[in-house]
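Before any comments, here is the structure.
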Amino acid sequence: MILVLDQVGLELNGRSILKDVTLKLALGQHLAIMGPNGAGKSSLLGLITGDLEVTSGCLTVFGKSPSAFQPLERAQRISALSQSSELRFPFTVEEVIGLGRYPFRAKAASTARIVREVMDALQLNGFAQRSMLSLSGGERQRVHLARAVAQIWSSPVPALLLLDEPFAALDIAHQVGVRRLLAQVLAAHPVSIVSVVHDLGQATQGYDQICLLTEQGDQLAFGASSAVLTPNHLS
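The letter at position 186 of the sequence shown is residue 248 when you use the working numbering, and the numbering goes up by one with no holes.
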């Protein structure tokens, strides 16, 4: 298993954020984390990256605790797109996407090819030399997503892609393009994906597993969408 959580809990400043979250994610699967605002969805991603520490239970990524990874190994195997990916410098689109390849700088010869392939997949070719500061919110979102995908593109070992609200600020056409890209990533590379998704209307859009959280951070259900998205769970 790529990712295993067993009765995981999280407390911050004496407040319970997550309680008894249990799930498993296999190679090649796409997991959606869903729930209302304040349910702890982004905090759950923080536990997986190692930015937050588990208060109770056990969480392993590739068979070990996130805190056990050396920084370079973590960067080569775990890529994350956060909600607050802001840049205040005039980097070009191509430069930002290329930052995703920094953990693999010893293999720099492949960087230009991978950046081109990811830009092609997200229809960003015409933006390559544009400054990030000149882009709209939706365009910047696509560039940061491309950076995260470039980080695990052509990975020689199993990798994990973590996406916090990847469809935020995107119109319908670009949402379809992102879903197509993620399906391509899963089909062509040894990758698993975890996406935080706010809109329950997207719940049937190609996810293998769904983890549904309550407003209090309890796990309401985990499994295939047909088993999780029932009237009883959504009432």
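The beta carbon of each residue, even a glycine, is placed where N, CA and C say it ideally should be.
None of the values given here were measured: they were computed from a predicted structure.
- Shown here, V290 sits in a helix according to DSSP, grouped into three states.
- Assignment of R204 by DSSP, reduced to helix, strand and coil, places it in the helix class.
- The straight-line gap separating the alpha-carbon atoms of T276 and H251 is approximately 33 Å.
- In the structure shown, S78 falls within a strand segment according to DSSP collapsed to helix, strand and coil.
- If you draw a 10 Å sphere on the C-beta of H206, you find 16 or more other C-beta atoms in it, and that means buried.
- Judged by their CB atoms, G119 and V155 are not nearer to each other than the 8 Å cut-off.
- Burial check for S141: the Cβ neighbour count within 10 Å reaches 16 or more, so the residue is buried.
- By the 16-neighbour rule on beta-carbons within 10 angstroms, D226 is buried.
- The Cβ-Cβ distance between F124 and I214 does not fall below 8 Å.
- Note on H92: 16 or more other CB atoms within 10 angstroms of its CB, so buried under the neighbour-count rule.
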